[in-house]
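Taking it in order: structure first as structure tokens, then the write-up.
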């Protein structure tokens, strides 16, 4: 299927994070590319939302809304205090 | 962050042959900034659920929010929203969502908006926000559609300054040149030069092609924000 941008992760991740998680900056375990989750390349699958690294297409995370979050390919995740 | 809540449809309006705008009253809506979206969930009688994200065309604190939806032929949600939903119907929504593909009225940087089809929706929100704030930031919209009747919010965009339409299949009578896809030349003639921020929204193929062109003509990839919503 055609990929979507990581913006679509905002709702599913809201069950697992406080505030908007798509501005959180993730470092890919595979290639160390570092970018906001909003820039990830996302597939919607039966397993949930699968976010791929923009650099190497490796899987960064898989989220099932309010069920599970697997940070399988996240080397680091930096979250800033939400803007008031 | 919010969970799911129920809104009531108060108005539906045909926008294009395959699309409509929908106004939903969402009690307790805390307002949204331009570019944010909501998730909308449908539940079938057997309990099967499908949810999709839709950009919000309206901005501000009003509990009446406006969406615009284009019907995907094999869609699980869009056919219902375009063909079935009536005023009085209830919809489960979650939002506002998103902090990346957004424009805040206190941002002084020049902004180029580039939309394809229903991808114009968050960009219309940005233009409305810009107008309401009386922002001095330069802001332009390039809007690519198949034909004039495929434009969402056509009246509003025709009246707005700084909007350039690109017709890919059928152009209006008297249109200079042939219909065709957005090109480097159109960008050079009608879009702001590199240096500001660019928001591109639409089907994945459109967004990827435009983003590639932007980088080719000198835009810093970090200054280009994209919202690919799938499809072709």
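Residue numbers (the working numbering), protein chains in the order written: chain G, 1 to 84; chain E, 85 to 316.
Cβ atoms here follow ideal geometry from the backbone N, Cα and C, with glycine treated the same way.
Between residue 280 (chain E) and residue 209 (chain E) a beta carbon distance of about 18 Å is seen, past the 8 Å cut, so the two are scored as non-contacting.
Distances from the CA of residue 195 (chain E) to each of E:94, E:127, E:276 and E:313 were compared; the closest alpha carbon is that of E:276. Every unbroken stretch of the alpha helix (DSSP H) spanning 4 or more residues and falling wholly within the stretch 222 to 303 of chain E is given here in chain order: 238 to 243, 268 to 274 and 288 to 300. In terms of Cβ geometry, residue 19 (chain G) and residue 178 (chain E) do not form a close pair [threshold 8 Å].
According to the DSSP assignment, residue 180 (chain E) belongs to the beta strand (DSSP E) that extends over 174 to 181. Residue pairing from DSSP places residue 150 (chain E) in a beta bridge opposite E:107.
The three-state secondary structure of residue 160 (chain E), taken from DSSP, is coil. In chain order, 104 and 105 place their CB closer than 7 Å to the CB of residue 97 (chain E), counting only its own chain and leaving out the 5 sequence neighbours on each side. A Cβ of chain E is located within less than 8 Å of the beta carbon of residue 23 (chain G). Counting only the Cα atoms, residue 124 (chain E) lies some 21 Å from residue 37 (chain G). By the Cβ-count criterion, residue 102 (chain E) is buried, with 16 or more other Cβ atoms from all chains shown falling within 10 Å of its own Cβ. Contact with chain E is found for residue 11 (chain G), since one of that chain's Cβ atoms lies less than 8 Å from the residue's Cβ. Nearest C-alpha to residue 55 (chain G) among G:21, G:41, G:16 and G:5: G:41. In the structure shown, residue 208 (chain E) adopts helical secondary structure according to DSSP, grouped into three states. Look at residue 310 (chain E): its C-beta is under 8 Å from a C-beta on chain G.
Apart from sequence neighbours up to five positions away, the residues of its chain that approach residue 148 (chain E) with a beta-carbon distance below 6 Å are 107 and 109, ordered along the chain. Cβ-Cβ distances below 6 Å link residue 205 (chain E) to 139, 141 and 152 in the same chain, with the five nearest sequence neighbours on each side left out; the list follows chain order. For residue 134 (chain E), the secondary structure class from DSSP, reduced to helix, strand or coil, is strand. The three-state secondary structure of residue 22 (chain G), taken from DSSP, is coil. With a cut-off of 8 Å on Cβ pairs, the stretch 156 to 165 of chain E is not in contact with the stretch 211 to 222 of chain E, counting fewer than three such pairs.
Residue range 34 to 36 is occupied by the beta strand (DSSP E) that includes residue 36 (chain G), with no alpha helix (DSSP H) assigned at that position.
Residues are counted here when their Cβ sits less than 8 Å from a Cβ of chain E; for the stretch 49 to 79 of chain G these are 65, given in chain order. Cβ-Cβ separation between residue 176 (chain E) and residue 93 (chain E): approximately 12 Å, too far for a contact (criterion under 8 Å). For the pair of segments examined, the stretch 261 to 277 of chain E was found not to touch the stretch 232 to 245 of chain E: the number of CB pairs separated by less than 8 Å stays below three.
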